[in-house]
Each structure stands twice: as structure tokens, then as C-alpha cells.
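S.K.: Chains as they are written, first to last, in the numbering used here: chain A, 107 to 461; chain B, 107 to 461.
This is the structure we're talking about:
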């Protein structure tokens with residue numbers, strides 16, 4: 107294990123969206139500088155970063171200069187091209203590690219990894235072609251969801267099958283991309299565990315939050331989740347098992363379905379997670395600082411919940427509600443400074459403290 | 107009253123120290139960009155700001171360009187030269203207003219203002235020269251403190267008089283600057299009220315904190331302060347009276363002595379205040395965001411205390427304690443990213459949550 111990064115050092119962050127923005131603020135709180143790497147111009151994170159490189163992920167010179175300017179590298183999203191990682195990793199440490207990225211970049215690899223750990227997932231099958239889908243529907247049945255193995259988020263790259271007749275359209279929707287069929291899981295609620303593991307192997311989990319989605323995008327996370335004490339313990343132990351198996355350093359979001367047969371892992375994200383935004387107003391040390399602490403080789407901070415919170419995403423026209431929300435008691439606003447309001451675009455979130 | 111500043115607008119901040127840095131983070135949280143104006147190179151605030159101008163306060167061209175690039179102007183310190191304010195104010199609104207700056211830039215004007223409002227202060231006298239000091243010592247007595255009327259902070263520009271014999275040295279210490287003699291106040295504790303007033307005239311105060319100084323620099327602030335309910339109410343009403351009298355917009359720090367004859371105003375600062383740093387971990391909306399909300403014409407936020415907090419400043423070599431503090435429960439670190447550790451320099455602070 108390496109020495110803790112001294113305050114004043116620079117943390118490189120791949121991705122300049124809202125997660126990179128909030129990571130950058132957390133890093134500053136510990137006295138670190140940040141350098142953002144982002145292909146898009148004027149990213150939200152640049153407003154609160156020491157430096158920002160605007161360059162593509164296949165720009166070897168820019169990647170090299172970026173890596174040389176920082177002490178350690180982390181990221182706000184998991185779909186970083188392998189070739190970029192090869193360049194960066196040769197120059198500076200990257201946390202969370204390559205194995206965590208490899209697992210989470212491919213839904214099939216991820217499911218195989220999770221079931222290999224003895225954890226429950228939805229029934230699934232590899233779907234390289236239409237024939238495989240026909241065969242898989244025979245065992246998994248409908249309703250089911252066909253998902254691209256790679257590069258999906260917020261419900262994108264997914265096709266729902268209510269009957270076998272939907273199979274041709276679903277295959278067309280995948281546009282030739284390798285896919286995975288997931289069977290239907292009859293769950294009561296979805297919860298997520300935001301788990302952190304330090305470089306020295308300590309694990310700390312925030313209280314599980316209960317998630318509600320709308321149109322495939324997270325709508326609210328409520329803490330505490332309606333979980334029995336034993337399921338809460340199961341959730342936390344399960345998350346710790348995943349982190350340990352990956353020798354993981356950083357924060358991970360673990361989405362779980364609560365079913366009559368126990369917890370089923372929906373998916374894992376090797377980064378800070380939208381369902382952990384409540385920690386900003388519920389804990390002394392939020393998920394962003396916890397991630398920075400881990401990446402910097404620092405001890406984990408105090409993630410004990412001091413307040414119950416309902417986090418709600420502000421999406422697209424929800425921004426029209428900001429004046430009212432700003433005047434509402436027990437309400438903490440977090441806006442991302444994005445110039446253009448677009449339907450489905452995450453513009454901010456609000457944490458309501460429940461007293 | 108003007109319309110609320112829309113998210114995405116730019117707030118100009120005069121001064122790039124730790125207060126400007128934390129104001130900048132708070133502004134970003136509401137989706138604002140910030141532009142820092144600071145004579146010193148690489149100021150702490152620049153790490154978390156959209157833009158930073160490095161120029162002197164007598165650089166008219168730089169001041170003009172700065173003002174033209176922002177929507178509204180605020181500041182982290184009160185000693186802004188009048189000529190600079192003249193240039194800036196002709197171009198963009200400045201909050202808090204000129205009157206608040208005029209009052210707080212001069213200890214004599216401030217005392218006259220406070221006593222004019224019917225508030226109690228320490229006994230004081232204008233000391234233009236040595237003869238005036240001799241006369242004032244006759245009425246005020248010793249111990250007493252001779253202070254420069256302008257540009258003092260953290261105990262600088264002050265001379266303590268234990269007897270009349272200290273007068274010549276004290277006059278020498280002032281180096282010809284206009285000064286003020288303050289009589290000794292026999293107080294049990296010092297508290298401060300962090301008060302905010304919005305553009306529409308709403309006033310909100312945080313719970314008073316109890317301050318302990320070391321070597322003339324704030325050491326700790328503990329919330330709640332040991333105040334009776336009636337004194338707590340007095341403190342808040344008194345702060346509100348000051349804000350209303352000034353038609354003030356923003357956050358003000360009001361330092362009070364608790365004495366047998368009630369509350370005595372020590373001094374006011376027309377800005378966010380070191381004794382309000384506890385709000386970062388004690389409230390949903392901290393003093394920095396409250397200030398930004400006021401300056402931007404937004405409604406004030408929720409400053410209710412959810413946790414008891416002890417704030418401790420990290421000064422100079424206190425930075426050696428950071429590794430231990432980082433591993434301590436119920437502890438939130440806030441470091442300023444200053445490159446050089448110097449004796450007496452504020453390097454960060456720590457908020458301990460008391461459960």
C-alpha cells in the first residue's frame with residue numbers, strides 16, 4: 107500500500123459531469139487540487155476544478171500530459187476505453203482498479219462475476235444473435251429485458267419483451283451489439299448500498315437507500331430504506347464481499363432488489379452513484395469525499411447518518427421548480443450548472459431532510 | 107428589489123482566501139459560476155472557481171473587466187479600497203452594500219453606529235494622538251486596548267495597556283495610524299451570531315456559537331453556546347436590528363460579549379465569518395450558501411441546526427495533526443489547499459460532531 111496523498115496533491119478525474127463536479131468539490135475540501143479530463147467543452151466539473159483538459163479518449167498526447175500532471179487518477183463513469191486506460195495506467199495509479207472496470211463495463215461479465223461470488227442475480231443469458239434469444243426465452247420466459255452488454259445507462263440500450271413476439275423488434279433495437287437477456291424479478295423494493303473500501307482494506311457502507319425510478323431514470327432515494335434489520339445486514343455484507351473480491355479502492359454503488367427469496371444484485375457501478383447523493387445532507391462525510399479519501403490512500407471518514415433524507419433528481423423541466431424549492435424548509439439544493447435544459451437530462455437534485 | 111439571479115449566472119468575489127474558496131463552492135452548489143479577484147497569485151479560491159483575475163485593487167482596467175464579466179459582486183473581506191469600490195459599483199451591484207463596508211472598515215464609525223442603535227459596546231474613545239490617549243485613559247482606565255481604526259484583523263494592529271505607563275509604547279505601536287481606545291469588558295463568554303438578510307428583507311440567524319481565542323486568533327467555536335434562552339433571543343434580535351438598520355443583504359458575523367449587564371457587541375464583520383464554519387456540518391444550508399443566496403436575490407435557506415458541533419481552526423503546524431484527524435470518528439475536515447504552512451496561518455478547520 108502506498109503512502110497517503112499529501113494535501114496539495116492533484117487528483118485526476120476522468121469525466122466532467124455532475125459526479126466529477128461533486129468529486130472535485132470533495133477533493134478541494136481535503137486540500138487537493140483536481141484536474142478534469144473530458145471530451146466535451148465547458149463541462150460542469152470545470153467550474154470547480156483547478157485544471158481541465160478538453161480532449162478525446164483516443165488523444166494519446168493529451169492523456170499522457172494529463173497523467174503526468176496528476177498524482178492519482180479516478181473517474182466518474184465506467185465506460186472508459188481500454189486503450190485510454192492502458193496509457194494512463196502506465197503513468198499513474200488508477201482507482202478503482204482495472205478489474206472493477208472490466209467487470210462493470212460488460213453486463214455479462216458482471217453477472218458471471220456476481221454469481222461466481224455466490225450472489226443472486228436475475229436469471230440471464232448471453233444473446234449473441236436472434237437464435238440465442240429464441241432459446242433463452244424458452245428458459246427465462248417473459249416478461250424479460252434485452253440489454254446491450256456494454257455502454258448502457260439510465261435505461262438506454264434496453265428493449266422490454268412482454269411476449270416471444272417482441273423478440274424480432276428487440277433484436278433490431280440492439281443494432282447488432284452483443285446483448286444479454288435478463289429475466290423478470292418480482293421485487294418489492296429496490297435499494298442501493300453505497301459502499302467504500304480504503305487502500306488499507308477497511309470497508310464502510312452508508313445506510314441503504316430505497317430507490318424509485320421513472321422512465322428508467324432514478325427519481326428518488328429515501329433513507330432509511332424499508333428494510334428489516336437482517337436484510338440491512340445482508341445488504342451491507344454482500345456489498346463488502348464484492349469490494350473485497352475486487353481488492354477495490356473507492357466508492358461503489360450496489361443496486362439490489364428485495365425479493366421473497368432475499369436480495370438480488372441488479373447492478374454495480376464502480377464509482378460514486380446517484381443513489382448516494384443523499385449523503386451530502388445526511389452524513390458528516392459524503393460519498394464524494396469518501397471516494398476521494400479512498401483514492402488518496404486516506405482513512406475512510408464518518409459516514410454515519412445524522413438525518414433522514416429523501417433525495418429527488420431534478421430532470422429537464424424540473425428546473426422550473428427551483429424557485430419554489432429554494433424557498434422550501436428542510437430542503438438542500440444541488441444544481442450542476444448545466445447551461446442547457448433538455449428532457450431527461452439530470453440538472454440537479456434536492457435533498458429533503460425529514461425531521 | 108431585483109429579480110433572483112438565474113442559475114448559470116456569475117458571481118464575482120473580491121478576495122481569494124479560504125472564505126472566497128468556500129463561498130465559491132457554495133455558489134457552485136446552486137449552479138452559479140464564480141470569478142475571483144485577488145492580488146496574490148494562485149489563491150486558494152481559484153482551485154474551485156470558474157475564473158480568477160490576478161490584479162491589484164488599484165488596477166482600474168482589471169477591475170472594470172472583472173465587473174463586466176460578472177452579474178453581481180460580493181467579497182470575503184471588508185478592507186476593500188474605496189476607489190476600487192467606486193469603479194465596481196458603477197458597473198454592477200455589490201452586496202453587502204457600501205454602508206456596511208463603511209461602518210465596518212473603521213472601528214470608531216462602527217462603535218458610533220452600534221451605540222447609535224442603542225446597543226452596548228465596550229467603552230471607547232477616539233485616539234488621534236498621544237494627548238487623547240492620556241485623556242481617555244483617565245476616563246476608561248486600564249486594562250484597555252489601543253487598536254488601529256482601520257485594517258486590523260486576528261489581533262494585528264493592537265496594543266494592550268495594563269497601566270498608564272504602557273501608553274507611549276502603545277502609541278508607537280500604532281505607527282501614526284488613527285486609533286481607538288477600548289476599555290476592558292468583564293465578560294463570561296464570547297458568542298457570535300451568524301445572521302443573514304435576504305434582498306426581500308427576511309432575516310435568519312444561526313444558533314449562536316461560543317468562541318475561544320488563542321493568541322488573538324479564533325481557536326474554537328462550540329454550538330450550542332452556553333446561553334440562557336432569553337440571552338439567545340436577545341442575541342438574535344440584536345443581530346437582526348443591525349442588519350435591518352443597514353438594509354443589509356448577505357451574511358454578517360456579530361461577535362458579542364456576555365456580561366452581567368447583558369450582551370455587548372464586540373465587532374461586526376460584513377461577510378461570512380470564521381465562527382460560522384460549524385454550519386457546514388451542523389445545518390442543511392451553511393453560512394456560505396446562505397450568503398450566496400442573499401447576494402443572488404434568492405430566498406434564505408434552512409439554517410436549522412441538526413447537530414451540535416465544535417469547530418476548531420487548524421493553524422500553522424496544526425496541519426501535522428491532519429492524518430490523525432482524518433481517522434477520527436465524528437470529524438469533518440475542511441482544508442484550504444494553501445501551499446505554505448506558516449505560524450499563525452489558517453490552514454483549515456475541523457468540525458467535530460457531538461452526539
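C-beta atoms are modelled at their ideal positions from N, C-alpha and C, and glycine is treated no differently.
Output, in sequence order along the chain, the residues in the segment 417–449 of chain B whose CB is closer than 9 Å to any CB in chain A.
M.R.: 425, 428, 429, 432, 433, 434, 435, 436, 437, 438, 439, 440, 441, 442, 443, 444 and 445
S.K.: Hey, out of A:321, A:179 and A:368, whose CA is closest to residue 335 of chain A's CA?
M.R.: A:368
S.K.: Does the segment 338–352 of chain B come into contact with the segment 315–327 of chain B, if we say contact requires no fewer than three beta-carbon pairs (one atom in each stretch) closer than 8 Å?
M.R.: At 8 Å Cβ cutoff, the stretches do not touch.
S.K.: So which of B:339, B:454, B:132 and B:168 has the shortest CA-CA distance to residue 400 of chain B?
M.R.: Ranking B:339, B:454, B:132 and B:168 by Cα distance to residue 400 of chain B puts B:132 first.
S.K.: Does the CB of residue 139 of chain B have a neighbour CB from chain A at under 8 Å?
M.R.: yes
S.K.: Identify, in the order they occur along the chain, each residue of the same chain with its Cβ nearer than 6 Å to the Cβ of residue 310 of chain B, setting aside the five sequence neighbours on each side.
M.R.: 302, 406 and 409
S.K.: Run through DSSP, which three-state label would residue 385 of chain B get?
M.R.: helix
S.K.: So is residue 387 of chain A in contact with chain B if we call contact Cβ pairs under 8 Å?
M.R.: yes
S.K.: What's the call for residue 167 of chain B, buried or exposed, on a 16-neighbour Cβ count within 10 Å?
M.R.: exposed
S.K.: Which partner residues of residue 298 of chain A appear in the DSSP bridge assignment?
M.R.: A:315 and A:361
S.K.: Could you tell me whether the Cβ atoms of residue 459 of chain B and residue 380 of chain B are closer together than 8 Å?
M.R.: no
S.K.: Going by the CB atoms, is the gap between residue 194 of chain A and residue 403 of chain A shorter than 8 Å?
M.R.: no
S.K.: Taking only runs that begin and end inside the segment 227–292 of chain A, name each unbroken beta strand (DSSP E) of 3 or more residues, in chain order.
M.R.: 230–233, 250–254, 264–267 and 285–289
S.K.: Taking contact to mean at least 3 C-beta pairs separated by less than 8 Å, is the segment 265–284 of chain B in contact with the segment 364–378 of chain B?
M.R.: no
S.K.: On the three-state DSSP scale, how would you describe residue 217 of chain B?
M.R.: In the displayed model, residue 217 of chain B falls within a helix according to three-state DSSP.
S.K.: Expressed to the nearest angstrom, what Euclidean distance is found between the alpha-carbon atoms of residue 191 of chain B and residue 185 of chain B?
M.R.: Taking C-alpha positions only, residue 191 of chain B is separated from residue 185 of chain B by approximately 10 Å.
S.K.: Which residue comes first and which comes last in the alpha helix (DSSP H) that contains residue 167 of chain A?
M.R.: 166–175
S.K.: Would the C-beta of residue 206 of chain A count as close to the ligand NAP, meaning under 7 Å from any of its heavy atoms?
M.R.: This structure lacks the ligand NAP; in fact it carries no ligand of any kind.
S.K.: Between residue 408 of chain A and chain B, is any beta-carbon pair separated by less than 8 Å?
M.R.: Interface residue, yes.
S.K.: If we ignore side chains and look at the alpha-carbon of each, how far apart do residue 351 of chain B and residue 359 of chain B end up?
M.R.: 15 Å
S.K.: Shortest alpha-carbon distance to residue 341 of chain A belongs to which of A:362, A:330 and A:215?
M.R.: Of the candidates A:362, A:330 and A:215, the one whose C-alpha sits nearest the C-alpha of residue 341 of chain A is A:362.
S.K.: Using a Cβ-Cβ cut-off of 6 Å (strictly less than) and excluding sequence neighbours within five positions of residue 251 of chain B, which residues of its own chain qualify?
M.R.: 264, 266 and 288
S.K.: Check whether the segment 418–425 of chain B and the segment 446–461 of chain B touch, using three or more Cβ-Cβ pairs below 8 Å as the test.
M.R.: The segment 418–425 of chain B is in contact with the segment 446–461 of chain B.
S.K.: Give the straight-line distance between the Cα atoms of residue 377 of chain A and residue 180 of chain A, rounded to the nearest whole angstrom.
M.R.: 9 Å
S.K.: Report yes or no: is there a C-beta of chain A within less than 8 Å of the C-beta of residue 404 of chain B?
M.R.: yes
S.K.: Cβ closer than 8 Å: which chain A residues qualify as neighbours of residue 109 of chain B?
M.R.: What residue 109 of chain B touches in chain A: nothing, since even the nearest Cβ is about 10 Å away.
S.K.: In or out: residue 268 of chain A buried (at least 16 other Cβ within 10 Å) or exposed?
M.R.: exposed
S.K.: Could you give the DSSP three-state label for residue 344 of chain B: helix, strand or coil?
M.R.: helix
S.K.: Could you name the residues of the segment 121–152 of chain A whose beta carbon sits closer than 8 Å to any beta carbon of chain B, in the order they occur along the chain?
M.R.: Result list: 127, 130, 131, 134, 135, 136, 137, 138, 139, 140 and 152.
S.K.: Give the residues of chain B in contact with residue 459 of chain A, contact being defined as C-beta atoms less than 8 Å apart.
M.R.: 390, 408 and 412
S.K.: Please report the distance separating the alpha-carbon of residue 225 of chain B from that of residue 218 of chain B.
M.R.: The alpha-carbon separation between residue 225 of chain B and residue 218 of chain B amounts to approximately 10 Å.
S.K.: By the DSSP assignment, the beta strand (DSSP E) with residue 438 of chain A in it spans what residues?
M.R.: 437–441
S.K.: Indicate the three-state DSSP secondary structure (helix, strand or coil) for residue 339 of chain A in the structure shown.
M.R.: helix
S.K.: Expressed to the nearest angstrom, what Euclidean distance is found between the alpha-carbon atoms of residue 144 of chain A and residue 207 of chain A?
M.R.: 18 Å
S.K.: Put residue 322 of chain B into one of helix, strand or coil per three-state DSSP.
M.R.: coil
S.K.: How close, in whole Å, do the beta carbons of residue 442 of chain B and residue 127 of chain B come, if the pair is a contact with beta carbons under 8 Å?
M.R.: 6 Å
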